[in-house]
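Asks:
There are 2 protein chains.
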Amino acid sequence: MTSFADINEVSGGVLAAQGFVAAAVSSGIKPPPALDLVMIHSQYPASAAATVTRNVFRAAPTYITEEAVTNGKARTIIVNSGNANAGTGRQGMSDARQMAALAAEATGVEVLEVVVCSTGHIGDILPMDKVAAGIDQLDGRLSRANPEEIARGIMTTDTVPKHCAVEFTVGGRGARLGGICKGAGMICPNMATMLCFITTDVAIAATALQDALNWSVARSFNCISVDGDMSTNDTVALLANGQAGNETITGAVSEDYAVFRAALLHVTQDLAKKIAADGEGATKFVTVKITGAASYEEARTAGRAVTNYSLLKTAIYGGDFNWGRIAAAVGSSEVPFDPDRAAIKIAGITVFAEGKVQDFDLARGRAQMAAKEIEIEIDLARGDESLTLWTCDLTPEYVHLNAEYDASDLAGAEAD
Amino acid sequence: MTSFADINEVSGGVLAAQGFVAAAVSSGIKPPPALDLVMIHSQYPASAAATVTRNVFRAAPTYITEEAVTNGKARTIIVNSGNANAGTGRQGMSDARQMAALAAEATGVEVLEVVVCSTGHIGDILPMDKVAAGIDQLDGRLSRANPEEIARGIMTTDTVPKHCAVEFTVGGRGARLGGICKGAGMICPNMATMLCFITTDVAIAATALQDALNWSVARSFNCISVDGDMSTNDTVALLANGQAGNETITGAVSEDYAVFRAALLHVTQDLAKKIAADGEGATKFVTVKITGAASYEEARTAGRAVTNYSLLKTAIYGGDFNWGRIAAAVGSSEVPFDPDRAAIKIAGITVFAEGKVQDFDLARGRAQMAAKEIEIEIDLARGDESLTLWTCDLTPEYVHLNAEYDASDLAGAEAD
Chain F
5 MTSFADINEV SGGVLAAQGF VAAAVSSGIK PPPALDLVMI HSQYPASAAA
55 TVTRNVFRAA PTYITEEAVT NGKARTIIVN SGNANAGTGR QGMSDARQMA
105 ALAAEATGVE VLEVVVCSTG HIGDILPMDK VAAGIDQLDG RLSRANPEEI
155 ARGIMTTDTV PKHCAVEFTV GGRGARLGGI CKGAGMICPN MATMLCFITT
205 DVAIAATALQ DALNWSVARS FNCISVDGDM STNDTVALLA NGQAGNETIT
255 GAVSEDYAVF RAALLHVTQD LAKKIAADGE GATKFVTVKI TGAASYEEAR
305 TAGRAVTNYS LLKTAIYGGD FNWGRIAAAV GSSEVPFDPD RAAIKIAGIT
355 VFAEGKVQDF DLARGRAQMA AKEIEIEIDL ARGDESLTLW TCDLTPEYVH
405 LNAEYDASDL AGAEAD
Chain Y
5 MTSFADINEV SGGVLAAQGF VAAAVSSGIK PPPALDLVMI HSQYPASAAA
55 TVTRNVFRAA PTYITEEAVT NGKARTIIVN SGNANAGTGR QGMSDARQMA
105 ALAAEATGVE VLEVVVCSTG HIGDILPMDK VAAGIDQLDG RLSRANPEEI
155 ARGIMTTDTV PKHCAVEFTV GGRGARLGGI CKGAGMICPN MATMLCFITT
205 DVAIAATALQ DALNWSVARS FNCISVDGDM STNDTVALLA NGQAGNETIT
255 GAVSEDYAVF RAALLHVTQD LAKKIAADGE GATKFVTVKI TGAASYEEAR
305 TAGRAVTNYS LLKTAIYGGD FNWGRIAAAV GSSEVPFDPD RAAIKIAGIT
355 VFAEGKVQDF DLARGRAQMA AKEIEIEIDL ARGDESLTLW TCDLTPEYVH
405 LNAEYDASDL AGAEAD
């Protein structure tokens, strides 16, 4: 068993790793002076991996990103906010390609080494003149100076910038991995989308990088839910430029790979939890631990049934110590567990086990439910897999935020 | 093609068909004088069919009901509200069996001819002394006099009683089919659960009856969503006592079967729509028509992705003409349609087709979105199957209703 005790958090966010530079500018896609265009660039060739939304109505740039990482390498990430470039048909594809071409030219890389992301209104054509002028500006401003500004540059309705970085030792060399993300839930009132960009100086082959990313996303971003909705633009992209000087990790079975994956999990889980905690209108942060599942898929199915159950999320908002709603939620997942063997704990208090309600201290339970952080544990008693998921409460403020509409806006509908 | 023009609505609800009697009393499970115990009884042997929730944490009475209809016959339905008899373990099973035995004795039928349903708090043991005294009272009050009272007797947070009945001709004989249901959404703040009881005087074999019920439920109750949550107690039960005198319908391929199924669909869809329209906190009624699906399952998957999409339902509450949220919702279903061929209409206005936003009249669209009833049509352009689903908007009132908790309540959690 590898010990991961020496993965330590450091500052620097997406610029913590060696050999990466970045910049953010206000290009005018959003009303100035709001930052709306961000570039992240590796000064050295880099392995690349990405996961994008499975939404059928996904945005044009997600195709470009997918195409780029097919080759296993990328060096430049270009991101705009304020316009999702989704529902824009052939014009949208052409614009996303041009965005890649402009960023490639500016940073001296191949077009197929550019990751493109957009977030904002669905159905509006991108103002390519502004994007082009913005990329020109970005080119001259790339530096390692302002990691905080890069995290702010991709924010939309987020109330706080979200970043995390760690250092660790791999193959005897000191290495770093850091990232930023945006998203105040799976969705937001005007700008939606979960975007995450991670850089590392570890030397690792693209296939191993993609394996590690898939594994980590399955245990981090795919385990959070604000409202259960899936965006058209969600993307997680990861660049690894090898500047740590370790012997290149080529497969998914070595100790070095295990350490790298643990570092990646640390950062992706930290960022994912920050999104759930910053959920729209949220007042509480909820951790759902599924144990005793027969497989990862089963744990996730059961867990998502709980994190998406509106009635439970309103009870948590109301501070209601309501174990019945947890039972109904996990029972609705169609995972065929045995209710006579399953157990449910809220805030450490066993409320249901051996097929019946336990004799618990209701006053203590209610006191626990008044806390800002609530932990729910469900033992399915079927196997050895476990999974932790995170969500927030469902509040009247969530509805208010998402029901509002600025009638002066363009014809294209809001929110991706 | 059979013509169903002669299916006509009539009064009488669950007592419209010949040979059925019913009664409702206040037994004290809920504070008097609230009606909380209902009995429906066929004076003649009857075929029976039922569908119950697939929730793993389902309540004890759903097992009794399932057992009863396995034999294909049932004559008495006993229902209590105020206590779900869920999460009650072996005691709950024993109580549900005793409820069946008491109702069987009172009405002179076999124990296995009794359908048992409960709705209310999860985790409380049923007060069987009150249930027993209530069944005694019911026995002396069974009549055909008060169909409206029977509909009211199963209400919990419903704001209106829900019933529907039709008459039609089958095998040359006049026949009737009618039902009642309760449920203000899939769930409710204190009392949850969708329950539906249907009676008919058509002569039909139990297997054909179950086939027709499964088909109709798939196109009615399984097409409504208030919040996407599934209860522990949901049950639809259907008794057919043959008093219309038609030649018994034995299989699922005859013209008589087709007419019967159409009548059943009429009543189940009417009742299902009444539940969606009475959704907790709802201000709008939303119809979602999926066309061009490759199969029923695909249409349902796409449709439910739309009817469960919180962000769309808040937009509808806000009167926001937001086609982007519809695209994101149907795209999230993972049905592999081609977005370049799909089309989206809101209130008859085509907003998206041929891979791009259409040039529509936004002012007209906004005016339509202000209406109480909204129709969304999505053509997946993949096949010939279509399905209509119904839902309501997501409102701050929904959250308020479900966050409230009466701290003086019992330890058992609320809401099934």
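From first to last, the protein sequence lines are chains F and Y. With the first letter of the first sequence counted as 1, position 244 gets the number 248 in my numbering; the numbers rise by one all the way through. With the first letter of the second sequence counted as 1, position 257 gets the number 261 in my numbering; the numbers rise by one all the way through. Heads up, the beta-carbon is just placed ideally off N, CA and C, and yes, glycines get one too.
1. DSSP state of residue 278/Y, grouped into three classes?
2. Under the DSSP definition of a beta bridge, which residues are partnered with residue 54/F?
3. Smallest Cα separation from residue 127/Y: which of 331/Y, 315/Y, 97/Y?
4. Among 20/F, 160/F, 378/F, 47/F, whose alpha-carbon lies nearest the alpha-carbon of residue 34/F?
5. Whole angstroms is fine: what's the gap from residue 356/F's alpha carbon to residue 327/F's?
6. State the DSSP-derived secondary structure class of residue 383/F, mapped to helix, strand or coil.
7. Throw me the rounded Cβ distance for the residue 169/Y and residue 250/Y pair, which I believe falls under 8 Å.
8. Going along the segment 268-302 of chain Y in order, which residues come within less than 7 Å of chain F, judged by CB to CB distance?
9. Beta carbons nearer than 9 Å to chain F: which residues of the segment 79-106 of chain Y have them?
10. Check for me: the alpha helix (DSSP H) holding residue 68/Y runs from which residue to which?
11. Does residue 62/Y have its Cβ less than 8 Å from a Cβ in chain F?
12. Answer yes or no: does any C-beta atom of chain F fall closer than 8 Å to that of residue 338/Y?
13. Going along chain F in order, which residues have a C-beta closer than 8 Å to the C-beta of residue 56/Y?
14. What three-state label does DSSP hand residue 356/F in the structure shown?
15. Considering only residues of the segment 264-322 of chain Y, which uninterrupted beta strand (DSSP E) runs meet the minimum length of 3 residues and lie entirely inside it, listed in chain order?
16. At least one CB of chain Y closer than 8 Å to the CB of residue 315/F: is that the case?
17. Could you confirm whether any beta carbon from chain Y is found closer than 8 Å to the beta carbon of residue 131/F?
18. Residues of chain Y with CB under 7 Å from residue 341/F, in chain order?
19. Give the C-beta separation of residue 236/F and residue 335/Y to the nearest angstrom, bearing in mind that I take them to be a contact with Cβ-Cβ under 8 Å.
20. Would you identify the three-state DSSP class for residue 164/Y, choosing helix, strand or coil?
21. Can at least three beta-carbon pairs, one atom from the segment 256-268 of chain F and one from the segment 290-306 of chain F, be found at a separation below 8 Å?
22. Comparing the C-beta of residue 245/F with each C-beta of chain Y, is any distance below 8 Å?
23. Applying the criterion that 16 or more other CB atoms from any shown protein chain within 10 Å of the CB defines a buried residue, is residue 277/Y buried or exposed?
24. Report yes if the C-beta distance between residue 403/Y and residue 313/F is below 8 Å; otherwise report no.
25. Closest by CA to residue 391/F, which one among 263/F, 291/F, 401/F?
26. Give the interface partners of residue 398/Y over in chain F, defined as CB-CB distance under 7 Å, in chain order.
27. So, helix, strand or coil for residue 255/F, using DSSP?
28. Please list the partners that residue 356/F has in chain Y, where partner means a Cβ-to-Cβ separation under 7 Å.
29. With the cut-off set at 8 Å, would you say residue 244/Y and residue 211/Y are in Cβ contact?
30. Mind checking if residue 322/Y is an interface residue toward chain F, Cβ cutoff 8 Å exclusive?
31. Using a Cβ-Cβ cutoff of less than 7 Å, which residues in the same chain neighbour residue 102/F once the five nearest sequence positions on both sides are dropped?
32. When the Cα atoms are used, what is the spatial distance from residue 396/F to residue 363/Y?
33. Which residues in chain Y have a C-beta closer than 8 Å to the C-beta of residue 406/F? List them in chain order.
34. Whole angstroms is fine: what's the gap from residue 174/Y's alpha carbon to residue 263/Y's?
35. Would you say residue 371/F reaches chain Y, if we count a Cβ-Cβ gap shorter than 8 Å as a contact?
36. Once you ignore the five residues that flank residue 11/F on each side, which residues in its own chain have a CB closer than 7 Å to its CB?
Replies: This is what the structure gives:
1. Position 274 of the second sequence, counting from 1, holds the residue named residue 278/Y. Residue 278/Y: helix per DSSP, three-state reduction.
2. As a first step, residue 54/F is located in the first sequence; it is residue number 50 there, counting from the start. According to DSSP, which records beta bridges pairwise, residue 54/F is partnered with 241/F.
3. Working through the second sequence from its first residue, we reach residue 127/Y at position 123. The shortest C-alpha separation from residue 127/Y is found at 97/Y.
4. As a first step, residue 34/F is located in the first sequence; it is residue number 30 there, counting from the start. Nearest C-alpha to residue 34/F: 160/F.
5. To locate residue 356/F, count along the first sequence from 1; it is residue 352. To locate residue 327/F, count along the first sequence from 1; it is residue 323. Rounded to whole angstroms, the gap between the alpha carbons of residue 356/F and residue 327/F is 8 Å.
6. If you number the first sequence from 1, residue 383/F lands on position 379. Residue 383/F: strand per DSSP, three-state reduction.
7. In the second sequence, the residue the question calls residue 169/Y occupies position 165. In the second sequence, the residue the question calls residue 250/Y occupies position 246. About 17 Å separates the two Cβ atoms, so there is no contact after all.
8. none
9. Here the close residues are 88, 90, 91, 92, 93, 94, 95, 96.
10. Along the second sequence, one-based indexing puts residue 68/Y at 64. Going by DSSP, residue 68/Y is part of the alpha helix (DSSP H) stretching over 64-74.
11. In the second sequence, the residue the question calls residue 62/Y occupies position 58. By this cut-off, residue 62/Y is an interface position.
12. Within the second sequence, numbered from 1, the residue matching residue 338/Y stands at position 334. Taking Cβ atoms only, chain F reaches closer than 8 Å to residue 338/Y, which makes this a yes.
13. Taking the second sequence and counting its residues from 1, the one referred to as residue 56/Y is at position 52. Going along chain F, no residue has its Cβ under 8 Å from residue 56/Y, so there is no contact; the nearest lies around 13 Å.
14. Position 352 of the first sequence, counted from the start, is the residue given in the question as residue 356/F. Of the three classes helix, strand and coil, the one that applies to residue 356/F here is strand, per DSSP.
15. 289-297
16. On the first sequence, residue 315/F is found 311 positions in, with the first residue counted as 1. Taking Cβ atoms only, chain Y reaches closer than 8 Å to residue 315/F, which makes this a yes.
17. For the purposes of this step, residue 131/F is identified with residue 127 of the first sequence, where counting begins at 1. Not an interface residue.
18. By 1-based counting over the first sequence, the position of residue 341/F is 337. Result: 60.
19. In the first sequence, counting from the first residue as 1, residue 236/F sits at position 232. In the second sequence, counting from the first residue as 1, residue 335/Y sits at position 331. Confirmed, about 6 Å.
20. For the purposes of this step, residue 164/Y is taken as residue 160 along the second sequence, with counting starting at 1. In this structure, DSSP gives residue 164/Y a state outside helix and strand, which the three-state scheme calls coil.
21. no
22. Within the first sequence, residue 245/F is the residue found at index 241, counting from 1. Chain Y, which has no Cβ nearer than 8 Å to the Cβ of residue 245/F, makes this no.
23. Your numbering for residue 277/Y matches position 273 in the second sequence. With 16 or more Cβ atoms within 10 Å of its Cβ, residue 277/Y is classed as buried.
24. Position 399 of the second sequence, counting from 1, holds the residue named residue 403/Y. Position 309 of the first sequence, counting from 1, holds the residue named residue 313/F. Their beta carbons are not under 8 Å apart, which means residue 403/Y does not touch residue 313/F by this criterion.
25. Translated into positions along the first sequence, residue 391/F becomes position 387. Per the C-alpha coordinates, the member of 263/F, 291/F, 401/F positioned closest to residue 391/F is 291/F.
26. The residue labelled residue 398/Y in the question sits at position 394 within the second sequence. Those within 7 Å of residue 398/Y in chain F are 403.
27. Residue numbering aside, residue 255/F sits at position 251 when the first sequence is read from its first letter. It is coil, neither helix nor strand.
28. Position 352 of the first sequence, counted from the start, is the residue given in the question as residue 356/F. 91, listed in chain order.
29. By 1-based counting over the second sequence, the position of residue 244/Y is 240. By 1-based counting over the second sequence, the position of residue 211/Y is 207. No, Cβ-Cβ distance for residue 244/Y and residue 211/Y is not below 8 Å.
30. Residue mapping note: residue 322/Y aligns to position 318 of the second sequence, counting from 1. True, the Cβ-Cβ gap to chain F drops below 8 Å.
31. Within the first sequence, the letter at position 98 stands for residue 102/F. Cβ neighbours of residue 102/F beyond the five flanking positions: 132.
32. For this step, residue 396/F is matched to residue 392 along the first sequence. For this step, residue 363/Y is matched to residue 359 along the second sequence. Going by the C-alpha atoms only, they are around 39 Å apart.
33. Here residue 406/F refers to the residue found at position 402 when the first sequence is read from its first residue. Simply 314, 315, 318, 319, 322.
34. Position 170 of the second sequence, counting from 1, holds the residue named residue 174/Y. Position 259 of the second sequence, counting from 1, holds the residue named residue 263/Y. Approximately 7 Å between the Cα atoms of the pair.
35. Working through the first sequence from its first residue, we reach residue 371/F at position 367. Chain Y, which has no Cβ nearer than 8 Å to the Cβ of residue 371/F, makes this no.
36. Here residue 11/F is taken as the residue at index 7 of the first sequence, counted from 1. Same-chain partners within the cutoff: 170, 172, 266, 267, 270.
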